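Working notes, beginning with the structure itself.
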Amino acid sequence: MTDKFISIEAIAKRYPAKGGGETAVFENLWLSMNRGEFGCIIGHSGCGKTTVLNILAGLDEPSEGTVIVDGQAIEGTSLDRAVIFQGHALFPWRTVMGNVAFAVKSKWPKWSAERIKAHAQKFIQLVGLGGSEHKRPAELSGGMKQRVGIARALSITPKIMLMDEPFSALDALTRGTLQDEVRRICLETDQTTFMITHDVDEAIYLADKIFLMTNGPGAVLAEILENPLPRDRARIDLHRHPLYYPLRNHIVDFLVSRSKTFTTDVPDYDPRKVPVVKLALPEPVIATSAKSVPSAATASTQASA
Amino acid sequence: MTSSLRARAALMSVLILAVFLGTWHLATRGSGSVANLNPEYAKLLGATATQGKSAMPGPADVGAKLWEHIKSPFYDNGPNDKGLGIQLGYSIARVLLGYLLAVAVAIPLGFLIGMSPLMSKALDPFIQILKPISPLAWMPLALYTIKDSSISAIFVIFICAIWPMLLNTAFGVAAVRKEWINVARTLEVGTVRRAFTVILPAAAPTILTGMRISIGIAWLVIVAAEMLVGGTGIGYFVWNEWNNLSITNVIIAIFVIGLVGMILDQLLAQATRLVTFPE
Ligand SMILES: Nc1ncnc2c1ncn2[C@@H]1O[C@H](COP(=O)(O)OP(=O)(O)O)[C@@H](O)[C@H]1O
Ligand SMILES: [Mg+2]
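Top to bottom, those sequences are chains A and B.
First residue of the first sequence? That's 1 in the numbering used here, and the numbers climb one at a time after it.
First residue of the second sequence? That's 1001 in the numbering used here, and the numbers climb one at a time after it.
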C-alpha cells in the first residue's frame, strides 16, 4: 500500500553515552499504520516506546529519519495529533470545563466563548462527565481525571490520538470501564489511534495491530501482530474466543523470552520488512503433533513500508 | 478535636501573655520612696532615684501611652512631633512604592531568566554578586546620585525586595511541570498565551512565596533606612523617641512595627493561598 496514513521512516534516537560515544535507543525503525486503525506498541520498560510516541507527537526529534502523517513530513507538534498523557497533565487551576475549553480555544481561537463552551460540553458529555464541569482536578478521582484528558484530546478533533500508557495508574475496574469507553469512541469516530501499553489484555482488547518491540538499547520492531479477534468484541467474553489464548500466549512468550534474544536469533532481520503475524485456528488434522496452538501462527513476511 | 486544640492553644496564648505582662509589671514596679530628700534635689534626680521606680516603663505606662496614640493617630505638631499614624503611613507608602517597583522589574525579569537558559546563565554572576549586598550599603550611593532622602529610602526598599521575587519567579517559571508545557506544545499555544495561561498560574504559588519573603525584608529594612535618612517614618520615630529618652514610645513603636509586619505578611499568605491549587 502506498497510502499509509502514518509512516515512520528510518527513525533513530541516540543519546550521548557516559564516557563518550553514543547509545542508540533504536536505529532505523520503520512503522506504519492505516487510517482508522488502532495500533498498540508493547515492549519492556526502557525500550523506547515513549520516545517513538513523542517523536510521532512532535514533542521530541529523531536523531535521524522522518515521520510522515497524511502525506506530509511532520515538523514539531500539531493540533492534528492529540496526546493523552500518562499522568493526565490537567491544569489544576482550571475546572473540567476550563481544561477542555483551553484545548478548544487553542484549535479555534476565533470562536466565541459560548461556542467554545458548547463544543467542550459535548466532549465532556461524551466521556460521561456531565455534571462535573465545574470541578477542579483535585476533586476528581484518577479515572475521572483521565476522562477529562481524553475529552481534551478528542475535543480538538485530531487526525491521530496518541496515548502513552493512559490507564496504567488506574485500578483494574476503572481501567476496564475506560477501555470500553475508548474503544466505543474510537469505533464511533473512526479515530486513528496509537497507544503504548504494557498490559497484554489491554492491547488484545483495543488494538487492530500490536507492535512488539524488543528490549533496548538498540531496540527493534520484532513483529506486527494482526489482531484476529472480531471487530465487535466485548471485554467480558474476550477470553472465550478460541484465538484469545494463542494470541495472549504469543505476546507473553515474546515479552518473557524472545524480546531479549530476538536480535541474536534473527541475524538477517530487515527493519523495512517486519514480519506481519496473523494467528489462525489450526486446521483440523488427524495426526496430532506435540506442537500446540501457537505454532499455527502464519508468519507472512511483508514489506511494512 | 481540632477546635478543642485551637481553644486550648488560645487559652495558652492568653496565659503566656498574662505571665509576660505580670513579670514585666513586677520587674518595673516602683519600690517605694528610697530616702527623704530635699524636694528640690529630688526633682532633679527624678523618679528613678527618689521612688525606686525603674527607668523602664511598665505595661500600664505603655498601655496608657498607646491609648493616647490610638485616640489621635494623625496629629501634626511640626517635624519632631507627628502622630504614630502619620509616621506609619509614611513608612508603608515608601515600602509599597519600592516594593511595587521591585515587582514590576523582578517578575518580568524572572520570567525571562526562567524561560531562557541563555539569559539565566548570562545574568547569574550579576545576581550572585548583587544579592548578598546589604541594602543599607546602597544608601550613600543612592543619596549621592538621587539627592533626595525619601526617594533614596524607596530605592533601598526596591533593591532589597527585588532578589527573593526575582529568584523565586525564575525558579518557579523554570520548574513548571514538563507535562503542562507539553500540553501547551501539542495544542500549538503561542508564547504569550503560554506565558499567561500556563506558566504564570503554574508558577504563581512560587512567585507569591517570593513576594511574601520580599515584603518581610522590605519592612525590616525600612526601619533601618528611616533611622539613617531621618525626617519621617516609623524608623525615624523610633530614633527620635530614643533621643527624647521616651522608652515608652520606643516600646510602642516596636510593637506597632511588629503588628504592621504581621499584617503585610498575612495579606500575602492569603494571596498565596488563593493561587495555590492542589492537584
Ligand atoms: N534524556 C535522555 N538521556 C539519555 N537517555 C535517555 C533520555 N531519555 C530517555 N533515555 C533513554 O531512552 C530509553 C527509552 O526511554 P523511553 O522511550 O522512555 O522508554 P519506554 O517508554 O519504552 O519505557 C531509556 O533506556 C532511557 O534510559
Ligand atoms: Mg514510557
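Just so it is clear, CB atoms sit at the ideal spot from N, CA and C, and this is done for glycine as well.
Keep in mind that this is a model prediction, so the values were computed, not measured.
- Sorting A/Ser-45, A/Ala-207, A/Lys-107, A/Ile-196 by C-alpha distance to the C-alpha of B/Thr-1186 places A/Lys-107 at the top.
- Under the 10 Å beta carbon count, A/Pro-16 is surrounded by fewer than 16 other beta carbons and is classified as exposed.
- Below the 7 Å Cβ cutoff, chain B contributes Glu-1279 as neighbours of A/Pro-137, in chain order.
- The beta carbon of A/Leu-238 is closer than 8 Å to those of Asp-201, Ile-204, Tyr-205, Leu-229, Tyr-244 in its chain, skipping five residues each way along the sequence.
- Annotation: B/Met-1139 to A/Lys-110 spans about 53 Å, alpha carbon to alpha carbon.
- Counting the other CB atoms within 10 Å of its CB gives A/Glu-165 a total of 16 or more, which places it among the buried residues.
- Using beta-carbon distances, B/Val-1250 does not count as an interface residue toward chain A, since no partner is under 9 Å.
- By the C-beta density criterion, B/Tyr-1075 is exposed, having fewer than 16 other C-beta atoms within 10 angstroms.
- Of all residues in the segment 1171-1189 of chain B, the ones placed with a Cβ closer than 7 Å to any Cβ belonging to chain A are Glu-1179, Trp-1180, Asn-1182, Val-1183, Arg-1185, Thr-1186, Leu-1187, Glu-1188, Val-1189, in chain order.
- Counting only the Cα atoms, B/Leu-1166 lies some 18 Å from B/Asp-1265.
- Within the segment 68-87 of chain A, the residues whose Cβ lies closer than 9 Å to any Cβ of chain B are, in chain order, Gly-76, Thr-77, Ser-78, Leu-79, Arg-81, Ala-82, Val-83, Phe-85, Gln-86, Gly-87.
- For ligand 1, a non-hydrogen atom lies closer than 8 Å to the CB of A/Ile-196.
- Judged by DSSP in its simplified three-state form, B/Arg-1193 adopts helix.
- Only those residues of the segment 1192-1210 of chain B whose C-beta falls short of 9 Å from the nearest C-beta of chain A are listed: Arg-1193, Thr-1197, Val-1198, Pro-1201, Ala-1202, Ala-1204.
- Within 8 Å of the C-beta of A/Thr-50 there is at least one heavy atom belonging to ligand 1.
- Apart from the 5 residues on each side of it in sequence, A/Arg-175 sits with its Cβ closer than 6 Å to the Cβ of Phe-167 in its chain, given in chain order.
- For A/Gly-39, the uninterrupted beta strand (DSSP E) segment begins and ends at 38-42.
- Within a 10 Å sphere around the beta-carbon of B/Ile-1254 sit fewer than 16 other beta-carbons, which makes this residue exposed.
- Within 7 Å of the CB of A/Trp-93, the CB atoms of chain B belong to Pro-1201, Phe-1277, in sequence order along the chain.
- Listed in chain order, the positions of the segment 95-109 of chain A with a beta carbon within less than 8 Å of a beta carbon of chain B are Phe-102, Ala-103, Ser-106, Lys-107.
- Closest by C-alpha distance to B/Gly-1110, out of B/Ala-1224, B/Ala-1204, B/Pro-1278, B/Ser-1246, is B/Ala-1204.
- The three-state secondary structure of B/Glu-1241, taken from DSSP, is helix.
- Under DSSP, A/Phe-194 shares a beta bridge with A/Gly-39, A/Leu-162.
- Inclusion of B/Thr-1028 and B/Pro-1059 in the CB contact set at 9 Å is warranted, their separation being smaller than that value.
- Shortest gap from the CB of A/Ser-45 to any heavy atom of ligand 1: under 8 Å.
- In this structure, A/Glu-202 has its beta carbon at no less than 8 Å from each heavy atom of ligand 2.
- Counting C-beta pairs closer than 8 Å gives three or more between the segment 171-187 of chain A and the segment 143-154 of chain A, which meets the contact rule.
- Proximity of the beta carbon of A/Lys-13 to ligand 1 is indicated: a heavy atom of the ligand is located closer than 8 Å.
- The three-state secondary structure of A/Ile-8, taken from DSSP, is strand.
- The DSSP-derived three-state label of A/Phe-262 is helix.
- Relative to ligand 2, the nearest heavy atom lies less than 8 Å away from the CB of A/Asp-164.
- The three-state reading of DSSP puts B/Tyr-1090 in helix, counting H, G and I together.
- Using beta-carbon distances, A/Ile-156 counts as an interface residue toward chain B, with a partner under 9 Å.
- Beta-bridge partners assigned by DSSP to A/Ile-68: A/Ser-7, A/Ala-73.
- Counting of Cβ neighbours within 10 angstroms places B/Tyr-1144 among the exposed residues, the total staying below 16.
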